[in-house]
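Take a look at the structure set out below.
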Amino acid sequence: MTAFIALRQASRRDASELAILADIASHGFASWLWFADVANGVSDTPLERGRLKMSEEEAVGGWRDAVIAEAYGEVAGVAIGHALDEGIGDIEATIPATEPMLALQKTVVGSWFIGSLGVYRHLRGIGIGRRLLEDQIDRADRRPVSLITASDNEAALSLYGRNGFLEAARADAVPLFDNSKSHAWVLMTRSAA
Numbered sequence: 001m002t003a004f005i006a007l008r009q010a011s012r013r014d015a016s017e018l019a020i021l022a023d024i025a026s027h028g029f030a031s032w033l034w035f036a037d038v039a040n041g042v043s044d045t046p047l048e049r050g051r052l053k054m055s056e057e058e059a060v061g062g063w064r065d066a067v068i069a070e071a072y073g074e075v076a077g078v079a080i081g082h083a084l085d086e087g088i089g090d091i092e093a094t095i096p097a098t099e100p101m102l103a104l105q106k107t108v109v110g111s112w113f114i115g116s117l118g119v120y121r122h123l124r125g126i127g128i129g130r131r132l133l134e135d136q137i138d139r140a141d142r143r144p145v146s147l148i149t150a151s152d153n154e155a156a157l158s159l160y161g162r163n164g165f166l167e168a169a170r171a172d173a174v175p176l177f178d179n180s181k182s183h184a185w186v187l188m189t190r191s192a193a
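According to full-length UniProt numbering, the sequence shown is numbered sequentially starting from 1.
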């Protein structure tokens, strides 16, 4: 059934799609982070800043680390993953909201880390997310694969659970706004293949 889904390595010109899909994958957390650069005059909108971040040549989690899924003649989804090396131990959170996620990532050094996996809503439920996830597992090259998702993201938790990921740890999320729904960040890991 997934034969109509084609995967390809992203190119720099995909930066706009990557920014949109990374924002979808993070349920708006990415654009919230990018908004700080709007306030500092770096860009006019959060998505413009996201596009600039995704188009950077050497950025971890940018276009070079992204795989695009296409279906029905359009971009359908993205997975962004990379090897998580010891350099992450030197990174300090500059925003309190990122502290719990960074702390979780520091516990899985040496694994392949999927930073984003997102599919446009109108194309969900037809195997695109599973296909992107399988590709990331292949790219891990026998390393464990780790990712972080929200405790209230039932669809993601189900997808990852069906594909061999187990909960490794949790950390309470820092609320972004006074009325933010409370949740935890869930670190999920799949053993090396």
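Just so you know, even glycine gets a beta-carbon here, dropped at the ideal spot from N, CA and C.
Nothing here was measured: the structure is a model prediction, and the numbers come from that model.
Check, Outcome
"Classification of Arg-190 by the beta-carbon crowding that lies within 10 angstroms, buried from 16 upward", "buried"
"Other residues of its chain near Ile-108: CB distance less than 8 Å, five sequence neighbours each side excluded", "The displayed chain sequence assigns Val, not Ile, to residue 108. Within the same chain, Val-108 has close Cβ partners Leu-84, Pro-144, Ser-146, Ala-168, Leu-187, Thr-189."
"From Trp-34, Ala-155, Ser-116, residue whose alpha carbon lies closest to that of Arg-97", "The amino acid at residue 97 is misidentified as Arg; the sequence shows Ala. With distances taken between Cα atoms, Ala-97 lies closest to Trp-34."
"Buried versus exposed call for Leu-123 [16 or more other C-beta atoms within 10 Å across all chains shown]", "buried"
"Bounding residues of the alpha helix (DSSP H) (the contiguous stretch that carries Phe-113)", "Careful: Phe-113 lies outside any alpha helix (DSSP H), inside the beta strand (DSSP E) at 112-119."
"Beta carbon of Pro-100 nearer than 8 Å to that of Ala-173", "yes"
"Asp-90 versus Arg-8: straight-line alpha-carbon distance, rounded", "32 Å"
"Selection from Ile-137, Leu-176, Asp-44, Lys-53 that minimises the alpha carbon distance to Arg-13", "Lys-53"
"Residues sharing a beta bridge with Gly-77, DSSP", "Ala-69, Val-119"
"Three-state secondary structure assigned by DSSP to Thr-149", "strand"
"Inter-residue Cα distance where the pair is Ala-142 and Leu-166", "With the sequence shown as reference, residue 142 is identified as Arg, and Ala is not the correct amino acid for it. C-alpha separation (whole angstroms): 17 Å."
"Per DSSP, cross-strand counterpart(s) of Thr-189", "Ser-146, Leu-166"
"Given 8 Å, three or more beta-carbon pairs between the segment 35-47 and the segment 71-80", "no"
"Nearest residue (CA-CA) to Ala-69, options Lys-181, Arg-130, Lys-106", "Arg-130"
"CA nearest to the CA of Asp-138, picked from Ser-158, Val-67, Tyr-120, Leu-176", "Val-67"
"Start-to-end residues for the beta strand (DSSP E) that takes in Arg-51", "Where Arg-51 is concerned, there is no enclosing beta strand (DSSP E), although the alpha helix (DSSP H) it sits in stretches over 46-55."
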